[in-house]
Every structure is written in structure tokens, then in C-alpha cells.
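Data first, discussion second: the structure below is written as C-alpha cells.
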Amino acid sequence: MSNGTNRWLQPVRDGPTEPGSPGEKQPYHDMNETSADSSTDSGDAWKRWLHKLEFLKEMIVGVDLLVVVIAASVVTFCVNHVGNEWISFISDSKPAIATLGAFYSFALVFRTNICYSRWWEGRVLWGTIIVCTIRMAQQAHLWIKEPVLVKRLSCLAIIFAYCCKAQLRGMGIEDESEDGAKLLRKGVISQEELDMIATQSGWQPYYCIDAMRAAISEGLTAEGKNDEWKKNAAQAAMEETICTLANSIGGCIRVRSTGLPVAYDDILNTTGAIFFTAACLAWAPGAGLYNPFVVLIVYTIVKMIIGVGSDMEDPFGHDESDLPLEKFCEEVDKQITAVDERAKLITFDLAYGPASHIPSERSSSYSTFPNRRGSPLANGDNDVESGQMSSETDRLVPAQS
Numbered sequence: 015m016s017n018g019t020n021r022w023l024q025p026v027r028d029g030p031t032e033p034g035s036p037g038e039k040q041p042y043h044d045m046n047e048t049s050a051d052s053s054t055d056s057g058d059a060w061k062r063w064l065h066k067l068e069f070l071k072e073m074i075v076g077v078d079l080l081v082v083v084i085a086a087s088v089v090t091f092c093v094n095h096v097g098n099e100w101i102s103f104i105s106d107s108k109p110a111i112a113t114l115g116a117f118y119s120f121a122l123v124f125r126t127n128i129c130y131s132r133w134w135e136g137r138v139l140w141g142t143i144i145v146c147t148i149r150m151a152q153q154a155h156l157w158i159k160e161p162v163l164v165k166r167l168s169c170l171a172i173i174f175a176y177c178c179k180a181q182l183r184g185m186g187i188e189d190e191s192e193d194g195a196k197l198l199r200k201g202v203i204s205q206e207e208l209d210m211i212a213t214q215s216g217w218q219p220y221y222c223i224d225a226m227r228a229a230i231s232e233g234l235t236a237e238g239k240n241d242e243w244k245k246n247a248a249q250a251a252m253e254e255t256i257c258t259l260a261n262s263i264g265g266c267i268r269v270r271s272t273g274l275p276v277a278y279d280d281i282l283n284t285t286g287a288i289f290f291t292a293a294c295l296a297w298a299p300g301a302g303l304y305n306p307f308v309v310l311i312v313y314t315i316v317k318m319i320i321g322v323g324s325d326m327e328d329p330f331g332h333d334e335s336d337l338p339l340e341k342f343c344e345e346v347d348k349q350i351t352a353v354d355e356r357a358k359l360i361t362f363d364l365a366y367g368p369a370s371h372i373p374s375e376r377s378s379s380y381s382t383f384p385n386r387r388g389s390p391l392a393n394g395d396n397d398v399e400s401g402q403m404s405s406e407t408d409r410l411v412p413a414q415s
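Residue 15 is where the sequence shown starts when you use our numbering, and the numbers rise one by one after that.
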């Protein structure tokens with residue numbers, strides 16, 4: 015057994031942020047590192063701008079731009095110098111070209127909207143993962159009395175978030191580009207358990223879910239048979255949290271695995287090719303020598319829109335427009351650590367608050383009925399508030415003749 019078998023029992027310590035993996039594996043994470051040194055901050059800002067420019071370069075630059083310029087130049091030369099009747103006829107058909115452009119624009123916007131919906135769904139699902147992992151740690155401190163199991167559940171919640179990130183990027187938490195080694199150094203996971211997760215043939219986040227259920231079952235069983243209703247309520251609440259985590263990672267996997275229909279992109283590309291060919295013919299007489307540049311600019315803008323949509327189609331990768339999963343996991347780690355530290359720092363019962371602020375057991379200002387001790391009614395006399403009738407000697411009741 016490794017020396018780090020019980021490392022998850024050790025407290026999680028805050029340390030410097032771990033850098034991302036080398037190369038282009040985690041460019042978003044690397045470009046957003048912060049430092050207290052002002053010169054480092056300026057250097058990081060410059061790196062972020064360079065990274066954005068590199069992102070645009072990768073999206074725009076390609077052999078297709080050269081093909082568009084050459085094709086547009088040939089078409090423009092033919093329209094302005096050859097003068098064939100059919101070319102002139104097409105160049106005069108601007109209303110038809112405008113209609114075709116409207117259909118192409120609609121298809122382009124529709125595709126972008128679908129890709130943005132997938133990006134937004136991934137964002138919402140990850141928001142649910144963040145909330146429920148932190149809630150699991152809070153519920154553990156509330157319902158589980160065994161400190162070892164409470165710490166175990168907190169560590170499993172952190173491991174679950176990092177396993178989700180690795181799963182959605184087609185990796186494993188034990189891979190060099192992921193955060194298994196960092197969690198091992200922080201004591202969140204042991205080497206033995208890390209190796210066990212690595213050998214799983216199924217989805218790694220579901221190992222954490224099974225381990226959470228086992229820890230909850232053991233923690234609630236250790237409470238004995240007292241307060242069965244309380245144990246049942248705790249188990250139901252924590253099981254609901256686990257089910258929400260399972261549904262969230264399942265939804266993220268669905269978003270990543272099911273892309274847009276291939277036929278839709280084929281139709282869009284075919285429509286785009288027809289549009290740019292016809293538009294080049296229609297714009298050639300008016301634009302003249304500038305026509306290739308006009309076509310190139312419009313083509314570049316369309317290519318950028320399609321590229322952004324393609325990046326949003328899978329929102330869990332390393333592109334500039336993808337979700338910052340590294341920051342999500344770091345925030346989960348930070349907040350769960352804060353929950354554990356808060357439980358150690360607070361010296362009073364959260365249900366009652368500090369002893370100096372606990373109200374007195376009973377005071378006259380909180381009493382519904384004033385203290386009647388020493389009054390005539392305290393000796394057993396009738397009282398209207400008690401539901402008894404007034405006596406004949408009550409001065410408010412007229413005397414009977």
C-alpha cells in the first residue's frame with residue numbers, strides 16, 4: 015500500500031495556483047493566471063492579447079482564403095474584360111442574389127443560435143455541478159457526525175468536479191494534462207484511490223458518486239436507531255443532491271457527444287459556395303478591381319461566425335470561447351475548503367447562535383398574557399380571556415334586581 019493511502023484525511027491547504035498543462039492543452043487556463051507582481055500582471059495581459067490574436071489567426075487563416083482571392087480575381091477579370099452575355103446576365107441579377115443571401119444569412123444565424131444554446135446548456139449544467147458539490151459538503155457537516163466521513167465526503171466532492179472536467183475533455187484525472195497529481199499533493203486523494211479511479215472502465219465521475227453513497231450510508235448507520243425520521247430526511251436530502259450531480263454530468267456528456275447533424279453543415283457549406291460565386295459575379299461590374307477584396311472581407315466575416323459557432327458546439331474544450339472548467343473546479347475546491355474551515359472555526363451552535371445573543375427563556379415583552387401574579391385573577395377569579403363568564407360582582411355587568 016502506498017504511503018499516501020490516507021492522504022485524503024489530511025486538511026486541504028491553500029497554495030499557489032497550479033499551472034495548466036504545457037503546450038496548447040490548456041491555453042485558456044494559462045493565459046488567465048494572475049500574479050501579485052505588477053510587472054507580471056502586465057506581462058500576463060500582453061500574453062492574453064497575443065493568445066487572442068493567435069486564436070483569431072487559427073480561426074481565419076487557411077488555404078481557402080487564397081482560393082477565394084484567386085477565384086474572385088478570375089471572375090472579376092472575366093466580367094469586366096470578356097463580357098460574355100451569360101456572365102453579364104448573372105451580374106445583373108442582384109435581386110436574386112440578395113434573396114439567396116437572405117436565405118444563407120438565416121441558415122447561418124440558425125446554426126449559430128443552436129451552437130450558443132449548447133454552450134449555454136453546458137454553462138447551466140456546470141453551474142448545477144458547482145452548487146451541488148458545495149451543498150454535499152454542507153450537508154455532510156450537518157447530518158454526518160463522524161469527522162472522518164465528513165472529510166471524506168468533502169474530498170469526494172472536489173474529486174468529482176475534477177473528474178467531470180477530465181471526462182468532458184476525453185481524458186482521465188490521472189493524465190498528465192489533468193489535475194490528479196495536484197490533488198495528490200494537496201492530500202485530497204490518495205495514490206491508491208487515484209490508481210483505482212484510473213482503472214475504471216466506466217465514467218470516472220460515477221466512481222465518486224458510488225463512493226459518496228457508501229460514505230453517506232456508513233455515516234448515517236453509525237448514528238444508531240435514534241431519530242429515524244431525521245436519518246431518513248438526511249438520506250433523502252443527500253440522495254437528491256447526488257442524483258442532481260449524476261443528471262448534470264450526464265447532461266454534459268450528452269452535449270459533448272451529440273453534435274450538429276452532418277447534413278446541416280453540408281447544406282450550409284453548399285449554400286455558401288453558391289452564394290459567394292453568384293455574389294462575386296453580381297458585384298464585379300460595380301466594385302471593379304476591389305471586388306476580390308470585398309468578397310474576401312465578407313467571406314472572412316462569415317468564416318469567423320461559423321468558427322465561433324463550431325467552438326461553442328463543444329463548450330468543454332480548450333478554445334477561447336469554451337467554458338473555463340479550470341476556474342470552475344478551483345472555485346469548488348476553494349468553497350468546500352471554506353466550508354471545512356468554517357466548521358472548525360465556529361465555536362457555537364449555528365442553530366442558536368452565540369450565547370450572548372440567545373434571548374431569555376421568557377420575558378414580559380414576549381408574553382401573550384401579562385403575569386397576573388398578585389392580581390385578583392391570580393387567585394382563581396374568573397377571567398374573560400379564560401372563557402369563563404363574569405361574576406355578578408363585576409362592575410361592568412349591571413346588577414340583577
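Yeah, the Cβ is synthetic: ideal placement off N, Cα and C, and Gly gets one too.
With C-beta atoms as the reference, is residue i less than 8 Å away from residue j?
i	j	result
residue 183	residue 269	no
residue 218	residue 230	no
residue 157	residue 226	no
residue 208	residue 188	yes
residue 148	residue 173	no
residue 220	residue 197	no
residue 255	residue 150	yes
residue 285	residue 118	yes
residue 257	residue 330	no
residue 262	residue 142	yes
Would you give the residue range spanned by the alpha helix (DSSP H) that residue i belongs to?
i	result
residue 290	276-301
residue 326	305-327
residue 133	108-157
residue 93	No alpha helix (DSSP H) holds residue 93; DSSP gives it neither H nor E.
residue 176	161-182
residue 221	218-235
residue 271	242-271
residue 207	205-212
residue 360	Taken as a continuous stretch (DSSP letters only), residue 360 belongs to no alpha helix (DSSP H), as it is neither H nor E.
residue 369	From DSSP, residue 369 is part of no alpha helix (DSSP H); its letter is neither H nor E.
residue 197	194-200
Quick check on the burial criterion: 16 or more other C-beta atoms within 10 angstroms. Buried or exposed for residue i?
i	result
residue 351	buried
residue 358	exposed
residue 379	In this prediction, residue 379 scores a pLDDT of 41, lower than 50, which makes its location untrustworthy; the coordinate-derived value is nonetheless stated afterwards. Under this definition residue 379 is an exposed residue.
residue 95	exposed
residue 127	exposed
residue 305	buried
residue 154	buried
residue 162	exposed
residue 215	exposed
residue 356	exposed
residue 90	buried
residue 339	buried
residue 394	Low confidence applies here, because residue 394 scores a pLDDT of 46, under 50, leaving its location unreliable; read the following figure in that light. So residue 394 counts as exposed.
residue 309	buried
residue 88	exposed
residue 364	exposed
residue 346	buried
residue 333	buried
residue 360	exposed
residue 67	exposed
residue 159	exposed
residue 369	exposed
residue 211	buried
residue 86	buried
residue 200	buried
Take residue i as the anchor and find which of the options has the nearest alpha-carbon.
i	options	result
residue 342	120, 144, 83 and 81	144
residue 320	278, 205, 197 and 138	278
residue 178	114, 247 and 193	193
residue 322	60, 77, 64 and 122	122
residue 259	120, 140 and 280	140
residue 245	234, 255 and 366	234
residue 335	118, 137, 185 and 264	137
residue 298	63, 71 and 92	92
residue 290	273, 124, 316 and 272	316
residue 164	287, 360, 369 and 353	353
residue 311	74, 345, 64 and 247	74
residue 166	186, 272 and 232	232
residue 283	247, 78 and 212	78
residue 264	63, 280 and 181	181
residue 223	280, 168 and 152	168
Are there any heavy atoms of the ligand ADP lying less than 7 Å away from the beta-carbon of residue i, as far as the coordinates show?
i	result
residue 92	Looking for the ligand ADP in the displayed structure turns up nothing, as the structure carries no ligands at all.
Report yes or no: do the stretch 132-152 and the stretch 316-330 share at least 3 C-beta pairs separated by less than 8 Å?
yes
Assess contact between the stretch 290-307 and the stretch 79-87, defined as three or more Cβ pairs (one per stretch) separated by less than 8 Å. Is contact present?
yes
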